[in-house]
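Input: a single structure, listed below in structure tokens.
In the numbering used here, the protein residues as written are 154 to 593.
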């Protein structure tokens, strides 16, 4: 190919002679911005503004039914992973899959309204809540897998556009994976912060749980509408590959033999254990016994604040300095609260301890979620991206469900030790030398 001529022999800058340098290089890649990431972030803000308070209140308002609901949700989320890549292909791409997944969140909120009606018998509550919990598990796996695919495509389009502008020097390729994931998680955890404060204030004022869940259902419906008007994800040739269900399942199986995926497995499992601890253990076994259930929203809002800011910060910083220095922060902030809980137990009115544990676990969650997602997208380019994120969602959900299911059966110290052991295994695995990710 001649200098200044594209592969189809058309000048890259028509109207300019080869002897004159154009003032600005014409982009080869289509113009791309981060706007779709912010748009998706708004949708996630509304959806998870409804879900997060619901998850935290399930165990305190419904007791054993709450633990079972969370366990069913995350086990279904785990076991639906193998069919989700085929589902995204069936729906024609990540955008439609996001819409379908968001609808299951709305159905789950409606179920919570129904079980809050005083005239509903306790036995009937199980029938009303558990099937939507299972449906949400499948929908959540679809939603998160589609989010990973969508974010990877947006990041790739922006990176290619920036490289085509010659804004990046040779050997220093643009990389915005951490930033894009951080933006979406910033909105998600921002919703967690605002709605935990709002739900606590509403319940403290004497409002009924039914009133709260009606408000949350309305927000979930608004998030579903936002996903419906989301811009379509950028298309690439490898994204158009059509796999049968059998081929999709085989791709998922072969990933379990992939050395890069096996290196990431301890991080994925630790993320799930940590989220299960945040969703059920800390609310039902630490905050409520020590401070009372009226403090759940305030403590979890504080955790969400550092999680939101950390998601944005750690995503950006890990793009600049690398993933492993940021992972070290996650290891330290996850081990420290485990040591405190095992050593001190749950003293009465331990405000400082409870808030410190929640804050440190929130920082760890920001690191695991943002950095692990970015590493996964780096290691597994299209067409393997969807399968990789489906497995990521499945295994993360499995350990989240397992931690929630163990709630009624294991003491707090045992569950905390399981989380600490997972963090130690992930830390040791991260110290093993591995090859650098290939850049497409």
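Using N, Cα and C, we set each Cβ at its ideal position, and we do this for glycine too.
Backbone CA spacing between residue i and residue j [nearest angstrom]
{"i": "residue 193", "j": "residue 575", "result": "31 Å"}
{"i": "residue 195", "j": "residue 560", "result": "33 Å"}
{"i": "residue 152", "j": "residue 548", "result": "As shown, the chain starts at 154 and ends at 593. That puts residue 152 outside it, with no answer to give."}
{"i": "residue 563", "j": "residue 570", "result": "11 Å"}
{"i": "residue 503", "j": "residue 380", "result": "41 Å"}
{"i": "residue 403", "j": "residue 305", "result": "22 Å"}
{"i": "residue 551", "j": "residue 230", "result": "8 Å"}
{"i": "residue 489", "j": "residue 247", "result": "38 Å"}
{"i": "residue 491", "j": "residue 435", "result": "11 Å"}
{"i": "residue 507", "j": "residue 523", "result": "24 Å"}
{"i": "residue 272", "j": "residue 214", "result": "16 Å"}
{"i": "residue 411", "j": "residue 354", "result": "48 Å"}
{"i": "residue 257", "j": "residue 377", "result": "9 Å"}
{"i": "residue 511", "j": "residue 466", "result": "19 Å"}
{"i": "residue 583", "j": "residue 416", "result": "7 Å"}
{"i": "residue 463", "j": "residue 480", "result": "12 Å"}
{"i": "residue 534", "j": "residue 301", "result": "11 Å"}
{"i": "residue 351", "j": "residue 454", "result": "9 Å"}
{"i": "residue 447", "j": "residue 216", "result": "15 Å"}
{"i": "residue 313", "j": "residue 189", "result": "16 Å"}
{"i": "residue 262", "j": "residue 471", "result": "35 Å"}
{"i": "residue 315", "j": "residue 299", "result": "24 Å"}
{"i": "residue 332", "j": "residue 387", "result": "17 Å"}
{"i": "residue 590", "j": "residue 369", "result": "Residue placement at residue 590 is poorly supported in this model, since its pLDDT is 48, which falls under 50; the coordinates still yield a value, given next. Taking the straight line from one Cα to the other gives about 41 Å."}
{"i": "residue 276", "j": "residue 270", "result": "13 Å"}
{"i": "residue 659", "j": "residue 361", "result": "No answer is possible for residue 659: it lies beyond the span of the chain, which begins at 154 and ends at 593."}
{"i": "residue 157", "j": "residue 473", "result": "Any reading at residue 157 must be qualified, since the residue scores a pLDDT of 44, below 50, and its modelled position is unreliable; the value itself is stated next. Cα to Cα, residue 157 sits roughly 31 Å from residue 473."}
{"i": "residue 505", "j": "residue 427", "result": "20 Å"}
{"i": "residue 366", "j": "residue 450", "result": "15 Å"}
{"i": "residue 181", "j": "residue 579", "result": "Confidence at residue 181 is low in this model, with a pLDDT of 47, below 50, so the placement of that residue should be treated as unreliable; the coordinate-derived value is given next. Taking the straight line from one Cα to the other gives about 41 Å."}
{"i": "residue 486", "j": "residue 572", "result": "12 Å"}
{"i": "residue 475", "j": "residue 264", "result": "43 Å"}
{"i": "residue 205", "j": "residue 224", "result": "15 Å"}
{"i": "residue 345", "j": "residue 318", "result": "38 Å"}
{"i": "residue 363", "j": "residue 197", "result": "23 Å"}
Residue range of the unbroken alpha helix (DSSP H) whose run includes residue i
{"i": "residue 433", "result": "Note, residue 433: premise wrong, no alpha helix (DSSP H); not H, not E."}
{"i": "residue 410", "result": "Note, residue 410: premise wrong, no alpha helix (DSSP H); not H, not E."}
{"i": "residue 473", "result": "449-474"}
{"i": "residue 373", "result": "362-381"}
{"i": "residue 444", "result": "441-444"}
Closest residue to residue i among the options (Cα-Cα distance)
{"i": "residue 372", "options": "217, 259 and 451", "result": "259"}
{"i": "residue 266", "options": "203, 428, 290 and 225", "result": "203"}
{"i": "residue 244", "options": "263, 272, 189 and 292", "result": "292"}
{"i": "residue 565", "options": "442, 384, 191 and 529", "result": "442"}
{"i": "residue 469", "options": "309, 384 and 334", "result": "334"}
{"i": "residue 437", "options": "271, 279, 499 and 232", "result": "499"}
{"i": "residue 285", "options": "249, 222 and 273", "result": "222"}
{"i": "residue 520", "options": "413, 236 and 457", "result": "457"}
{"i": "residue 594", "options": "477, 219, 529 and 584", "result": "Residue 594 lies beyond the range of the chain shown here (154 to 593); nothing can be said about it."}
{"i": "residue 413", "options": "187, 253, 555 and 537", "result": "537"}
{"i": "residue 237", "options": "290, 364, 415 and 276", "result": "290"}
{"i": "residue 478", "options": "351, 433 and 525", "result": "525"}
{"i": "residue 297", "options": "282, 251 and 205", "result": "251"}
{"i": "residue 544", "options": "448, 295 and 580", "result": "295"}
{"i": "residue 187", "options": "235, 253, 366 and 309", "result": "309"}
{"i": "residue 382", "options": "346, 444, 220 and 253", "result": "253"}
{"i": "residue 553", "options": "540, 585, 220 and 210", "result": "220"}
{"i": "residue 233", "options": "474, 486, 540 and 516", "result": "540"}
{"i": "residue 546", "options": "473, 206, 200 and 228", "result": "228"}
{"i": "residue 303", "options": "276, 274, 275 and 384", "result": "384"}
{"i": "residue 452", "options": "497, 473 and 513", "result": "513"}
{"i": "residue 341", "options": "423, 518 and 542", "result": "518"}
{"i": "residue 406", "options": "439, 329 and 235", "result": "235"}
{"i": "residue 282", "options": "423, 211 and 422", "result": "211"}
{"i": "residue 274", "options": "218, 288, 241 and 317", "result": "218"}
{"i": "residue 336", "options": "527, 531, 421 and 581", "result": "527"}
{"i": "residue 375", "options": "568, 425, 581 and 201", "result": "201"}
{"i": "residue 421", "options": "317, 207 and 483", "result": "483"}
Any non-hydrogen atom of the ligand ATP within 6 Å of residue i CB
{"i": "residue 421", "result": "In the structure shown, the ligand ATP is absent, as is every other ligand, since no ligand is present at all."}
### Residue ranges of each alpha helix (DSSP H) within the segment 229-288, 4 or longer
The segment 229-288 contains these whole alpha helix (DSSP H) runs: 237-243 and 247-268.
Alpha helix (DSSP H) runs wholly inside the segment 512-590, at least 4 long, in chain order:
538-558 and 565-583
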